[in-house]
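In the working numbering, the protein residues as written are 1263 to 1512.
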């Protein structure tokens, strides 16, 4: 629901207004029926709370039984803005098939045999009306060699082999201040894994080679990478302290 923009909201309302079949003749075209029938996790209580939220934060007297026909253009603009601000629940991701943190980690350990590795699965989000999940992995040392080809991207379990410098994954990695975590993917034996699962992957302009730069996806990648970077930083710090202690003893 939060991903609904003004043009899409207008379009959906127009479809409801123009619909002449039996379903919409029998059902009252209200805010309640509109939200409840078209979006996940918008039950009676949620819609009542949303309408109350609109009333408290604007002059629009919106109720669950408010008819769509009674909404003016300014009302639609206002409701669209309120939909972005209201804290709706995250979408149901049961239709998605992520790898899972444990299996993802086992795959990384088996394929590249690192000294250290960790994986994380971010909570489900929504992009352009479709649910998505971001899974991330970070691997260090072992049989990994320092290389420019340190980013591994996947979409619905399929590896993306071309245009690795383009798209949301590459952009999110570049925007991380790795020096803050005392890391450098371009010079250290470090590999980054990003797996995006969605019912509709937002591909870039040039075919299915990279994923478009969508802020919702980029934000989840950013948060996940930072968490993994902190874990690796803590691991390397322990290693350095241990080595320093050995030198003092010797």
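The beta-carbon is built from N, C-alpha and C at its ideal position, and this holds for glycine as well.
The model shown is predicted, which means the values in this text are computed figures rather than measured ones.
- In this structure, residue 1395 lies near residue 1360, with their beta-carbon atoms less than 8 Å apart.
- Around residue 1278, the same chain offers 1286, 1291, 1296, 1330 as residues with beta carbons nearer than 7 Å, after the five sequence neighbours per side are excluded.
- Across the structure, residue 1384 and residue 1399 are spaced so that their CA atoms are roughly 11 Å apart.
- For residue 1323 and residue 1269, the gap between their C-alpha atoms comes out near 22 Å.
- Per DSSP, the unbroken beta strand (DSSP E) holding residue 1389 starts and ends at 1387-1389.
- Contiguous beta strand (DSSP E) elements confined to the region 1314-1401 occur at 1378-1383, 1387-1389, taking only those with 3 or more residues.
- With respect to the C-alpha of residue 1345, the residue from 1354, 1311, 1367, 1369 having the closest C-alpha is 1311.
- Looking at 1391, 1425, 1405, the one whose alpha-carbon comes closest to that of residue 1355 is 1391.
- For residue 1424 and residue 1411, the gap between their C-alpha atoms comes out near 11 Å.
- Between residue 1437 and residue 1452, the alpha-carbon positions lie close to 17 Å from each other.
- DSSP lists 1421, 1457 as the bridge partner or partners of residue 1416.
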